[in-house]
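Under the numbering used here, think of the first position of the sequence shown as 134, with each following residue one higher. Glycine included, every Cβ here is placed at the ideal spot set by N, Cα and C. Working notes, structure below.
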Amino acid sequence: MKQIGVCLPSCPSGYYGTRSPEKNKCTKCKADCETCFNSNFCTKCKSGFYLHIGKCLKTCLEGFENNNHTMECTSIVHCSVSEWSPWSPCAKKGKTCGFKRGNETRIREIVQSPSAHGSPCPPLSEMRKCIVQKKKCQKGEKGTTENMIPGEGQVPRARCLQFESLKKEVTKMRKEEARLRSIHKNEKYVDEMLHETNFQLWGRRSYAERGQLDSDHKTLQD
Numbered sequence: 134m135k136q137i138g139v140c141l142p143s144c145p146s147g148y149y150g151t152r153s154p155e156k157n158k159c160t161k162c163k164a165d166c167e168t169c170f171n172s173n174f175c176t177k178c179k180s181g182f183y184l185h186i187g188k189c190l191k192t193c194l195e196g197f198e199n200n201n202h203t204m205e206c207t208s209i210v211h212c213s214v215s216e217w218s219p220w221s222p223c224a225k226k227g228k229t230c231g232f233k234r235g236n237e238t239r240i241r242e243i244v245q246s247p248s249a250h251g252s253p254c255p256p257l258s259e260m261r262k263c264i265v266q267k268k269k270c271q272k273g274e275k276g277t278t279e280n281m282i283p284g285e286g287q288v289p290r291a292r293c294l295q296f297e298s299l300k301k302e303v304t305k306m307r308k309e310e311a312r313l314r315s316i317h318k319n320e321k322y323v324d325e326m327l328h329e330t331n332f333q334l335w336g337r338r339s340y341a342e343r344g345q346l347d348s349d350h351k352t353l354q355d
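Below is the structure:
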């Protein structure tokens with residue numbers, strides 16, 4: 134009687150099971166593979182290698198980047214931004230009357246943040262000169278944002294205060310993002326948490342409405 138080896142309920146790490154009519158045995162994974170499903174499909178690579186579709190690579194292929202947190206090859210993600218918001222009302226130093234030349238602004242939002250080697254985001258705000266028919270401020274009208282009336286191309290202060298509140302929330306969200314990324318290695322998990330936070334912050338506001346809030350705020354600051 135010949136003893137071949139020890140019988141185990143499952144193969145240890147670094148081995149995979151093979152079955153045959155004569156015997157079932159544990160076969161060692163490839164040299165660069167720490168755990169594997171079979172001889173051709175690795176599930177975790179040894180230190181210094183990156184996992185890509187069952188293979189262990191020293192460096193990732195074109196179109197992928199080395200992820201040092203998961204030690205996998207992940208797709209390169211480029212920045213994606215929303216459409217531009219409408220241009221803000223033409224204003225100068227917070228006034229909408231008593232001038233001919235002023236400035237108007239518009240903004241857009243990051244829809245998809247880039248990965249480490251992805252294309253960076255373009256500018257998110259834009260300003261241009263504007264010319265309007267000069268009109269005198271009405272008697273009793275200071276021509277400032279304090280007296281702006283909704284519906285006449287002017288900015289109600291309530292909307293500015295609303296933007297200020299949102300701006301504080303955005304600052305808190307960015308701090309939370311930095312905290313999460315410092316303690317979690319799973320980027321997908323962090324992105325999902327941030328997506329939920331972002332939805333709670335903005336609710337169902339359209340990009341145009343968000344842009345209008347930002348435009349109102351810039352007009353009041355000018």
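In whole angstroms, what is the alpha-carbon distance linking residue i and residue j?
{"i": "residue 196", "j": "residue 265", "result": "49 Å"}
{"i": "residue 76", "j": "residue 242", "result": "Here the chain comprises residues numbered 134 to 355, so residue 76 is not present and cannot be evaluated."}
{"i": "residue 222", "j": "residue 270", "result": "16 Å"}
{"i": "residue 307", "j": "residue 164", "result": "43 Å"}
Here's the rule I'm using: 16 or more other beta-carbon atoms within 10 Å means buried, otherwise exposed. How should residue i be labelled?
{"i": "residue 140", "result": "exposed"}
{"i": "residue 218", "result": "buried"}
{"i": "residue 194", "result": "exposed"}
{"i": "residue 311", "result": "exposed"}
{"i": "residue 316", "result": "exposed"}
{"i": "residue 304", "result": "exposed"}
{"i": "residue 229", "result": "buried"}
{"i": "residue 224", "result": "buried"}
For residue i, which of the options has the nearest alpha-carbon?
{"i": "residue 257", "options": "152, 238 and 194", "result": "238"}
{"i": "residue 268", "options": "188, 233 and 192", "result": "233"}
{"i": "residue 210", "options": "198, 261, 173 and 142", "result": "198"}
{"i": "residue 109", "options": "166, 164, 165 and 145", "result": "With the chain covering only 134 through 355, there is no way to say anything about residue 109."}
{"i": "residue 170", "options": "182, 151, 156 and 183", "result": "151"}
{"i": "residue 254", "options": "215, 183 and 173", "result": "215"}
{"i": "residue 186", "options": "244, 143, 229 and 207", "result": "207"}
{"i": "residue 250", "options": "149, 200 and 155", "result": "200"}
Per DSSP, residue i forms a beta bridge with which residues?
{"i": "residue 188", "result": "185"}
{"i": "residue 171", "result": "174"}
{"i": "residue 200", "result": "205"}
{"i": "residue 304", "result": "None, per the DSSP bridge assignment."}
{"i": "residue 161", "result": "148"}
{"i": "residue 166", "result": "178"}
Could one say the Cβ of residue i lies closer than 8 Å to chain B's Cβ atoms, at least one of them?
{"i": "residue 166", "result": "Included in the structure is just one protein chain, with no chain B present."}
Report the residue ranges of all alpha helix (DSSP H) runs contained in full by the stretch 204-276; include only those spanning at least 4 residues, in chain order.
None, since the stretch 204-276 contains no complete alpha helix (DSSP H) of that length.
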